[in-house]
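As structure tokens, the structure follows; a few thoughts come after it.
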Ligand code: BV8
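Numbering (my numbering), first residue to last: 23 to 253.
Quick look at the structure:
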């Protein structure tokens, strides 16, 4: 890392880091939310209203992961995780597994993971090794119609928030990579960091809506910016 070396580094990633791997982003032109209304697939109400549609949406995205691979940005962060001498916290809003497939081992998935399934009835969590189906029974409680992708929908509380906020508070550099900063609570991390006097850096293809809040912003593709930041 070429900058003044932090001893505690907090990194937040979003869909932009996986874009060059071929995973669709959400809010870019032609992104996922321009094709599907998030209210129809990514809310608890949608799951109750049309379970089959929600399952199909996430089954297709899970299947798509087998056709993509981590890119140089994921690889650089995995290297950083292994080599960084201080405390590194890597939080992702992404539900893909590209950080892990690049070799990262301590990723906090605040919006859940496509590779897991969760039972709304008994909170059982399992690996999702195949498509989820409407008539799947929960392997633990036996109920049907309760198995869902283990992802955090709009209106639900993101995962690991206590740990995330604790790590953010003790960081000395906050780096936001490939995220539009449109979805809370992640969108609020930059102001939280600034209020605490933590240095902030944005690495994004273009200025995000919240770009002005960062001490420094570098713009370009993650596959170039992230390795340059790490090495
Ligand atoms: C919560 C998971 C309380 C599943 C996702 C008004 C009404 C209703 C609700 C709200 C409201 N106002 C605020 C809210 C809360 C709401 C919210 O923020 N809504 C927004 C829309 C206003 N948030 C919630 O409901 C959250 N829960 O707040 O609970 C709470 C919180 C804490 C503690 C206690 C209580 C839950 C939100 C979870 C939503 N789940 N998805 C799924 O994926 O299907 S969110 C969805 O957006 C994505 O999944 C992703 O995780 C998230 C963030 O998107 P980004 O990653 O930023 O992607 P985006 O496309 O937007 O941007 C990509 C960026 O990359 C762009 O800037 C682009 O320029 C850049 N880029 C592109 N290519 C590259 C690149 N950069 C670099 N290199 C490239 N090559």
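A virtual CB, placed ideally from N, CA and C, is assigned to each residue, including glycine.
Source: prediction; values computed, not measured.
- Proximity of the beta carbon of residue 182 to ligand 1 is not indicated: no heavy atom of the ligand is located closer than 8 Å.
- Using a 10 angstroms sphere on the CB of residue 179, the tally of other CB atoms stays under 16, which defines it as exposed.
- Taking non-hydrogen atoms of ligand 1 into account, the C-beta of residue 253 is found less than 8 Å away from none of them.
- When 237, 230 and 209 are compared, the shortest CA-CA separation from residue 222 is found for 237.
- Nearest C-alpha to residue 177 among 102, 36 and 65: 65.
- Under a 10 Å Cβ-count criterion, residue 115 is classified as buried, with 16 or more other Cβ atoms of the shown protein chains found around its own Cβ.
- DSSP links residue 172 through a beta bridge to 135.
- The DSSP-derived three-state label of residue 195 is strand.
- Looking at the DSSP output, residue 226 sits in a beta bridge with 241.
- Residue 33 is bridged by DSSP to 112 and 197.
- Annotation for residue 48 indicates a beta carbon within 8 Å of some heavy atom of ligand 1.
- For residue 96, the Cβ stays outside the 8 Å cut-off from all heavy atoms of ligand 1.
- At least one heavy atom of ligand 1 is found less than 8 Å from the C-beta of residue 207.
- The alpha carbon of residue 122 has as its nearest neighbour, out of 148, 91 and 146, the alpha carbon of 91.
- Apart from the 5 residues on each side of it in sequence, residue 174 sits with its Cβ closer than 6 Å to the Cβ of 133, 134 and 180 in its chain, given in chain order.
- A straight-line Cα-Cα distance of about 29 Å links residue 201 and residue 145.
- The straight-line gap separating the alpha-carbon atoms of residue 110 and residue 171 is approximately 28 Å.
- Annotated three-state conformation of residue 150 is coil, per DSSP.
- Here the alpha carbons of residue 87 and residue 136 stand approximately 9 Å from one another.
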